[in-house]
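*Asks:* Sharing a structure, written as structure tokens. Questions coming.
In this note's numbering, the protein residues as written are 7 to 555.
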């Protein structure tokens with residue numbers, strides 16, 4: 007397996023103004039120059055709503071990929087006006103760092119990817135290769151399926167959805183010192199760390215993480231101060247006693263505390279985690295994952311915009327112990343692997359950005375040995391909704407229009423995917439006259455302003471709507487999701503469509519059944535005195551009165 011190649015210079019050129027203004031637009035193009043070779047780069051905005059974290063709109067996140075290298079993958083973020091990120095290419099991980107120094111660089115939107123220094127030691131890991139003699143048996147797990155699932159990782163992970171075969175459940179906890187270290191953008195920086203950990207595990211093992219909770223400030227309740235062993239002990243005690251229940255929704259998930267504390271004040275360790283015991287490596291006596299003891303902590307490390315990337319390497323290392331990975335070149339079972347070239351080296355090295363063959367040897371037995379893998383893992387899906395390019399952008403008031411959409415749903419071949427599609431008219435007095443998927447009618451509710459469609463064993467389908475336009479612009483919000491709690495959408499960017507149909511022109515008074523009503527004449531006659539025009543305006547008036555009430 008390859009590790010990081012020394013880079014002399016890498017330059018990322020992209021249109022910052024365009025990206026900042028259109029974070030939810032289509033992909034933007036730029037290029038990255040690695041060792042003097044310019045390579046085309048695509049930056050696609052990422053939807054981070056699944057994190058449950060609200061970050062300032064100027065802080066943006068992107069997936070990145072080299073245009074001519076489909077196996078390359080990365081994450082980038084623009085936080086507080088500065089770029090950061092990681093790019094995985096040809097088995098190497100490149101750190102994108104914003105170090106533009108001159109006014110000319112800033113004006114030309116020039117950014118550089120800093121070389122990861124292989125000689126810089128981050129610190130040591132205080133790995134604890136056994137769980138304490140306590141029990142989580144008194145804790146009730148979340149609702150499980152009737153038949154407990156046990157997998158064979160090697161064969162199971164040949165079937166993927168967008169390159170993902172399993173989704174680990176991860177609860178991330180932060181303390182007030184973390185917030186102080188990063189200032190107003192601390193939530194965005196926390197998301198960046200999680201994004202980079204995802205990238206590392208997806209690239210190596212086809213595994214990403216479902217962040218069950220991003221618990222800010224909750225880490226303050228963990229005792230131990232700067233003593234890393236004492237912190238881990240207290241985390242374990244609190245989880246067993248139920249003291250973490252307010253921010254720890256599944257005690258069988260991975261629980262990791264990212265702290266601003268200075269652990270190496272009391273020793274060399276800057277991260278620590280539990281791992282399983284081995285009688286005959288690489289098969290553990292009992293896997294640690296899904297046991298409740300997949301617990302660890304890491305401290306923030308580095309300075310400037312590279313802190314998140316360097317911290318993510320520490321977090322990835324400690325979570326690796328939960329997966330059963332030992333210290334390369336240090337523990338006897340993995341002495342054949344280099345102690346300095348890989349993420350699981352005992353001396354945490356920012357130049358070591360991949361897992362070794364020794365770690366890869368252990369991942370299968372540790373995952374295959376879990377008897378109830380659904381306790382702490384979800385399963386990948388990808389559902390999307392695409393608006394038809396022929397949908398009208400404008401409509402005359404009072405007219406009836408038709409719109410169409412394409413539904414795509416993908417899951418593992420051994421899983422049945424059931425989805426729910428819902429659409430709402432968010433403004434206007436327009437109504438939904440009909441909604442159908444593949445000619446099967448959907449349910450219309452909320453006075454004709456909502457449709458709901460349930461699809462069993464979903465794959466590719468067509469959605470058709472018929473709408474009655476009113477007098478104001480029609481705004482629609484369509485959303486699609488799985489109905490199963492253990493499904494995890496690995497690409498949530500295309501789960502919803504916001505659509506606006508502008509109402510233009512005015513009512514044609516000469517058209518049959520239209521026009522403003524004539525006032526009653528002295529003989530009591532009137533022309534179209536209660537036409538659809540009055541109906542629409544009465545609807546609008548009724549809605550206005552309800553809002554005022």
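Glycine included, every Cβ here is placed at the ideal spot set by N, Cα and C. These numbers were taken from a predicted model, which means no experiment stands behind them.
If we ignore side chains and look at the alpha-carbon of each, how far apart do residue 222 and residue 483 end up?
*Replies:* Straight-line Cα distance between these residues: approximately 31 Å.
*Asks:* In or out: residue 447 buried (at least 16 other Cβ within 10 Å) or exposed?
*Replies:* Exposed, since its Cβ has fewer than 16 Cβ neighbours within 10 Å.
*Asks:* Could you tell me the boundaries of the beta strand (DSSP E) in which residue 48 lies?
*Replies:* 43–51
*Asks:* Find the nearest neighbour of residue 433 within the set 413, 417, 456, 419, judged by alpha-carbon distance.
*Replies:* 456
*Asks:* Would you call the segment 372–390 in contact with the segment 288–298, where contact means no fewer than 3 C-beta pairs closer than 8 Å?
*Replies:* The segment 372–390 vs the segment 288–298: in contact.
*Asks:* Quick check: what's the CA-CA separation for residue 74 versus residue 170?
*Replies:* 22 Å
*Asks:* Of the residues 462, 408, 420, 376, which one's Cα is nearest the Cα of residue 427?
*Replies:* 462
*Asks:* If contact is defined by three or more beta carbon pairs under 8 Å, each pair taking one atom from either stretch, is the segment 466–485 in contact with the segment 496–506?
*Replies:* Using a Cβ-Cβ distance cut-off of 8 Å, the segment 496–506 and the segment 466–485 are in contact, since at least three pairs of beta carbons, one from each stretch, lie closer than that value.
*Asks:* Could you tell me the distance, in whole angstroms, from the CA atom of residue 337 to the CA atom of residue 466?
*Replies:* In this structure, the straight-line span from the alpha carbon of residue 337 to that of residue 466 is close to 50 Å.
*Asks:* Using CA atoms only, rank isn't needed, just tell me which of 377, 81, 87, 412 is closest to residue 95.
*Replies:* 81
*Asks:* Starting from residue 159, trace the alpha helix (DSSP H) both ways and give me its first and last residue.
*Replies:* 159–162
*Asks:* Please confirm whether residue 349 and residue 370 have their CB atoms less than 8 Å apart.
*Replies:* no
*Asks:* Compute the beta-carbon to beta-carbon distance between residue 442 and residue 53, rounded to the nearest angstrom, for a pair I have assumed lies under 8 Å.
*Replies:* The pair is not a contact, with the Cβ atoms about 28 Å apart (cut-off 8 Å).
*Asks:* Looking at the strands, I want to know which residues DSSP matches up with residue 213.
*Replies:* The partner list for residue 213 (beta bridge, DSSP) reads 172.
*Asks:* Of the residues 175, 167, 276, 292, which one's Cα is nearest the Cα of residue 283?
*Replies:* 292
*Asks:* Extract the residue ranges of the alpha helix (DSSP H) inside the segment 221–250, only unbroken runs of 4 or more that lie entirely within it.
*Replies:* 234–247
*Asks:* Going straight from the alpha carbon of residue 131 to that of residue 368, what length do you get?
*Replies:* Straight across, the Cα-Cα distance linking residue 131 with residue 368 is about 19 Å.
*Asks:* State the Cα-Cα distance for the pair residue 414 and residue 489, rounded to the nearest angstrom.
*Replies:* 15 Å
*Asks:* Do you know how far the Cα of residue 278 is from the Cα of residue 235?
*Replies:* Looking at the two C-alpha atoms, the distance is approximately 7 Å.
*Asks:* Which residues does DSSP list as the beta-bridge partners of residue 393?
*Replies:* The partner list for residue 393 (beta bridge, DSSP) reads 411.
*Asks:* For residue 60, count neighbouring C-beta atoms within 10 Å of its own C-beta (all shown protein chains included) and say buried if the count is 16 or more, exposed if not.
*Replies:* Under a 10 Å Cβ-count criterion, residue 60 is classified as exposed, with fewer than 16 other Cβ atoms of the shown protein chains found around its own Cβ.
*Asks:* Which whole-angstrom value is the C-beta distance of residue 469 and residue 410, which I expect to be below 8 Å?
*Replies:* 7 Å
*Asks:* Verify whether the separation of the beta carbon atoms of residue 99 and residue 78 is less than 8 Å.
*Replies:* no
*Asks:* With a threshold of 8 Å, are at least 3 pairs of Cβ atoms found where one atom belongs to the segment 260–269 and the other to the segment 311–325?
*Replies:* yes
*Asks:* If we call anything under 8 Å between Cβ atoms a contact, is residue 439 one with residue 412?
*Replies:* Cβ distance not < 8 Å, so residue 439 and residue 412 don't count as in contact.
*Asks:* Please classify residue 122 as buried or exposed, where buried requires at least 16 neighbouring CB atoms within 10 angstroms.
*Replies:* Low confidence applies to residue 122: its pLDDT is 44, below 50, so where it sits in the model is not reliable enough to give any reading.
*Asks:* Please say whether residue 305 and residue 272 have beta carbons closer to each other than 8 Å?
*Replies:* no
*Asks:* Assign residue 377 to one of two classes, buried (16 or more other C-beta atoms within 10 Å of its C-beta) or exposed (fewer than that).
*Replies:* exposed
*Asks:* Give the range of the beta strand (DSSP E) segment to which residue 466 is assigned.
*Replies:* 466–474
*Asks:* Excluding the 5 residues preceding and the 5 following residue 508 in the sequence, name in chain order all residues of the same chain whose CB lies nearer than 7 Å to its CB.
*Replies:* 399, 400, 479
*Asks:* Is the segment 214–234 touching the segment 170–183 in the sense that three or more CB pairs, one from each, lie closer than 8 Å?
*Replies:* The segment 170–183 vs the segment 214–234: in contact.
*Asks:* One question on the structure: do residue 68 and residue 210 come within less than 8 Å of each other, judged by their Cβ atoms?
*Replies:* no
*Asks:* Do you know how far the Cα of residue 88 is from the Cα of residue 206?
*Replies:* Taking the Cα positions, residue 206 is about 22 Å away from residue 88.
*Asks:* Does DSSP put residue 349 in a helix, in a strand, or in coil?
*Replies:* coil
*Asks:* Between 387, 188, 332, which lies nearest to residue 307 when the distance is taken from Cα to Cα?
*Replies:* Sorting 387, 188, 332 by C-alpha distance to the C-alpha of residue 307 places 188 at the top.
*Asks:* Could you name the residues of the same chain whose beta carbon sits closer than 8 Å to that of residue 289, not counting the 5 residues immediately before and after it, in chain order?
*Replies:* Around residue 289: 371, 375.
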